[in-house]
Each structure stands twice: as C-alpha cells, then as structure tokens.
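Novice:
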Amino acid sequence: MGTGGVCLSLSALLFQASQNPVLSLTCALVLAVVLVNGWTDAPNAIAAAVGAGALSFRRAALLAAACNLLGALVMTAVNASVAETLYDMADFSSSPADALPALCAALCAIVVWAAAAWRFGVPTSESHALAAGLSGAALALPGGLSNLRPGPWGRILLGLAGSLLLGWLAGAVCRRLAGRLRPSPALCRRGQIAGAAVMAFLHGAQDGQKFLGVFLLAASLAGGHTAGFAPEPGLTLLCAAVMALGTALGGRRIVDTVGRDMVRLGPAEGLAADLGGGLCLLFCTLAGLPVSTTHAKTAAILGAGAGGGVNQAVAGRIVRTWLWTFPGCGLLGFLLASLFRSSPFCGII
Numbered sequence: 053m054g055t056g057g058v059c060l061s062l063s064a065l066l067f068q069a070s071q072n073p074v075l076s077l078t079c080a081l082v083l084a085v086v087l088v089n090g091w092t093d094a095p096n097a098i099a100a101a102v103g104a105g106a107l108s109f110r111r112a113a114l115l116a117a118a119c120n121l122l123g124a125l126v127m128t129a130v131n132a133s134v135a136e137t138l139y140d141m142a143d144f145s146s147s148p149a150d151a152l153p154a155l156c157a158a159l160c161a162i163v164v165w166a167a168a169a170w171r172f173g174v175p176t177s178e179s180h181a182l183a184a185g186l187s188g189a190a191l192a193l194p195g196g197l198s199n200l201r202p203g204p205w206g207r208i209l210l211g212l213a214g215s216l217l218l219g220w221l222a223g224a225v226c227r228r229l230a231g232r233l234r235p236s237p238a239l240c241r242r243g244q245i246a247g248a249a250v251m252a253f254l255h256g257a258q259d260g261q262k263f264l265g266v267f268l269l270a271a272s273l274a275g276g277h278t279a280g281f282a283p284e285p286g287l288t289l290l291c292a293a294v295m296a297l298g299t300a301l302g303g304r305r306i307v308d309t310v311g312r313d314m315v316r317l318g319p320a321e322g323l324a325a326d327l328g329g330g331l332c333l334l335f336c337t338l339a340g341l342p343v344s345t346t347h348a349k350t351a352a353i354l355g356a357g358a359g360g361g362v363n364q365a366v367a368g369r370i371v372r373t374w375l376w377t378f379p380g381c382g383l384l385g386f387l388l389a390s391l392f393r394s395s396p397f398c399g400i401i
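Each residue of the sequence shown is one higher than the last, beginning at 53 in our numbering.
#1: Output needed for Cys160: all residues of its chain with C-beta closer than 7 Å, excluding positions within five of it in sequence on either side, in chain order.
#2: Work out the CA separation of Val266 and Ser272 for me, nearest whole Å.
#3: Closest to Pro342 by C-alpha separation, out of Ala69, Ala84, Ser395 and Leu138, would be which residue?
#4: Return helix, strand or coil for Ala142, following the three-state DSSP convention.
#5: Which whole-angstrom value describes the C-beta separation of Ala189 and Gly385, a residue pair presumed to lie in contact below a C-beta threshold of 8 Å?
#6: In terms of alpha-carbon separation, which member of Phe67, Ser177 and Leu338 lies closest to Leu375?
#7: Out of Asn72, Leu221, Leu115 and Ala213, which one is the CA nearest neighbour of Ala325?
#8: By DSSP's criteria, Leu200 is part of a beta bridge. Which residues make up the other side?
#9: Would you grab the beta carbon distance between Met295 and Gly90 for me? Rounded to a whole angstrom, and I think it's under 8 Å.
#10: Where does Gln244 land, buried or exposed, given buried means 16+ other C-beta within 10 angstroms?
#11: Using three-state DSSP, classify Thr346 as helix, strand or coil.
#12: Report the option in Ser63, Asn131 and Ala192 whose CA atom is closest to the CA atom of Ala257.
#13: Do you know how far the Cα of Gly123 is from the Cα of Pro235?
#14: Going by C-alpha distance, which of Gly211, Trp165 and Val86 is nearest Ser133?
#15: Within 10 Å of its beta-carbon, does Ala167 have 16 or more other beta-carbons around it, so buried, or fewer, so exposed?
#16: Beta-carbon within less than 7 Å of Leu331's beta-carbon, same chain only, minus the 5 sequence neighbours each way: which residues are those?
#17: Do Ala157 and Phe392 have their C-beta atoms within less than 8 Å of each other?
#18: Could you spell out the range, first to last residue, of the alpha helix (DSSP H) harbouring Thr128?
Here it is, written out as structure tokens:
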C-alpha cells in the first residue's frame, strides 16, 4: 500500500459492503475491535496522570478521546506507513473463498482476548493481539507459514520489543532528570496533563492507522482492489471517531491497575512516565514502526517507578498476559479460521 495508490473512500467501502454480506460483517467486526481498542488500550495513555492525581478519570478520558481523534487524523495524512505494515503483514490470497472468513476469525479472536483481559483488569495490547490474530488466521489457510511476510513481520517485532526497552529507559531517564530539577508539584501536574494529551494523540496516531490498514485489507480481499491504495479522510475519520468513543467510555479497571496498583506514582514519577512514554511512541511512530501504546506506557511507568514501590505481583501478572497474547490470540485466530472454513459461513460469499 502506498500513497500513490487508488484512494478507497468510505462511500466505496459502504457500497462494497452492501453487495457482500461477509464484508459487511467484517467491517462491523473491525469497528468492534476499534471500539474495544479505545476502551481497553487507550486508557493506558492516561494511567499515570490519573494515578498521580493530576486529573480525574472522567476528565482524563474525555481529553484522551479528543486527542485520539486528532492523532489518527493527523498522522494518517502525514505518514501512513504503520497502516501499510499491518496491511502487508499476512497474505490471505492463497484461498480467496476463505479469505474474508479468516479475517473475521482474526477479529473475533482479538475481541474475545481483549474483553477477557479487561474483565480481569489487566492491560493487554490490541496491537499485539491484532498481529497475533491476523497471523493465526493466515496460518490456517493453504500455504501455512508462507502466508506470513518477513519484512512487515520484522518491523512489527522490532516495534514491539523496542517499545518495551525504549519505554523503560525513557521513563527511568526522565525520572532521574525530574529528581535533579525538582519541579514543583503544581508544575508536575500541569506537565502530566500535557503529557496525557500527547500520549493519547500518539495512541491515535499509532492505533488509528493499524485498524485503517485492516479496513483496507478487508476491501482488498472482497475484490474491490488488488493493488496498493491510499486511505481516504472519510474512512480515517470513521476509525478515529469510533476509537474516540471507546476511549470516552473509559477503562477504569485498567487505569487503576497500571496507575495505582502496579506502582504508586508521585507527581514527579507521573510526569517522568508521561514524558518517557511519549518520547518512545513519538520516535517509533516517526520511524514507521507499529508499536504498542500499552507496552510503551507501562514500561515507562515501571522505569519511572523503578527506584520505589513497584508491586511485583501486579507487574508480573501484566507481563504474563503480554507473553501469552501472541500464542493465545494467535491460536484462537487459527482455530476460529479453521472452524469458519469448514462451516457454511464461507458459502455466503
């Protein structure tokens, strides 16, 4: 997919969906995943500000919703390379009749995984789950491992691993600087409000693109386009608006787990976590690497609180969930895709 390709408009996608029931279902599932992402993933952007008392949860959620919307619109217009990576990571064309059902299976796996993680108040990465679900579903199609493309997959793995390391280091360095400069609590609180806004903006810039890439993939698999094409503002706005709605609904349990239970943050630590997470996301987004807001921000919070009271039990529970996401969501995507392929579902196309 590139900026010089055919532009897929929202009206064109809606027309395709009206002619293809499976594409309609796929688009509905994409929107459901985007909503869940805004609901369960975006709250990580505001966890430090809420945990340190700089903002109430409701005000922080509304701020994050607005900034998510803006981030998705701006970054997709400037640099849509993250969407391109997600669009290209798996090849579903080896079995055209099974392609859309397999994509539906991947999206169902993501929704189930994210909802289960939210139920237990554990932050999980929808970016992580998206890559795992798409890969598992693609593996269920003829061709197996050959359906996974090494180039995009390398960028995904680099982004996921790099966000953990860079987030932790940036949080720790910013905490050390804050300790030397000793900003006043009032200045820290104002800085955290700005930091939460920046984090939410960058979350929209990252995740808005990822799900836009899935929309474009669905349209391609439905037969409307076979070559690369560029996102159109109407489709970008739809993704951004649904994500903002999910963020406004808020994920209070996840904010409490990350911002309060995992580590107790004072004003300086909260500011350092916001700065560290923001720097990590900004660098990776400009580099075109798909990264996890959850991983970047949680790692920055751990880095900022490394010298103090990190709750090892809560941190361990979060890390175990991260480690299980790839095999768990990938296996779920594979099993659902295999089930859908063997059912009358494929005959709808």
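Cβ atoms here follow ideal geometry from the backbone N, Cα and C, with glycine treated the same way. From a predicted model like this one, the values you see are computed outputs, not experimental measurements.
Specialist: If we stick to the structure as given:
#1: Within the sequence shown, residue 160 is the residue found at index 108, counting from 1. Closer than 7 Å at the Cβ level, and outside the excluded window around Cys160, lie Leu81 and Leu388.
#2: The residue you call residue 272 lines up with position 220 of the sequence shown. The residue you call residue 266 lines up with position 214 of the sequence shown. In a straight line, the C-alpha of Ser272 is about 10 Å away from that of Val266.
#3: Here residue 342 corresponds to residue number 290 of the sequence shown, with the count starting at 1. The shortest Cα separation from Pro342 among Ala69, Ala84, Ser395 and Leu138 belongs to Leu138.
#4: On the sequence shown, position 90 is the one that residue 142 refers to. Three-state DSSP puts Ala142 in a strand.
#5: In the sequence shown, the residue the question calls residue 189 occupies position 137. In the sequence shown, the residue the question calls residue 385 occupies position 333. The Cβ separation is near 4 Å, so the contact holds.
#6: Reading the sequence shown from its first residue, position 323 is the one you call residue 375. Comparing Cα positions, the closest option is Ser177.
#7: Taking the first residue of the sequence shown as position 1, residue 325 is located at position 273. Closest by alpha carbon: Leu221.
#8: For the purposes of this step, residue 200 is identified with residue 148 of the sequence shown, where counting begins at 1. For Leu200, which the question treats as bridged, DSSP gives the partners Ala142.
#9: Numbered from 1 along the sequence shown, position 243 holds the residue referred to as residue 295. Numbered from 1 along the sequence shown, position 38 holds the residue referred to as residue 90. Right, their Cβ atoms sit about 4 Å apart.
#10: If you number the sequence shown from 1, residue 244 lands on position 192. Buried.
#11: The sequence position of residue 346 within the sequence shown is 294, counting from 1. The answer is helix: DSSP assigns Thr346 an H, G or I state.
#12: Here residue 257 refers to the residue found at position 205 of the sequence shown. Cα-wise, what sits closest to Ala257 is Asn131.
#13: For the purposes of this step, residue 235 is identified with residue 183 of the sequence shown, where counting begins at 1. For the purposes of this step, residue 123 is identified with residue 71 of the sequence shown, where counting begins at 1. C-alpha separation (whole angstroms): 28 Å.
#14: In the sequence shown, the residue the question calls residue 133 occupies position 81. Of the candidates Gly211, Trp165 and Val86, the one whose C-alpha sits nearest the C-alpha of Ser133 is Gly211.
#15: Numbered from its first residue, the sequence shown carries residue 167 at position 115. Classification of Ala167: exposed, given that the 10 Å Cβ count is below 16.
#16: On the sequence shown, residue 331 is found 279 positions in, with the first residue counted as 1. Answer for Leu331: Ala222, listed in chain order.
#17: Numbered from its first residue, the sequence shown carries residue 157 at position 105. Numbered from its first residue, the sequence shown carries residue 392 at position 340. Yes, the Cβ-Cβ distance between Ala157 and Phe392 is below 8 Å.
#18: Here residue 128 refers to the residue found at position 76 of the sequence shown. Looking at the DSSP string, the run of the alpha helix (DSSP H) that includes Thr128 is Phe109 to Val130.
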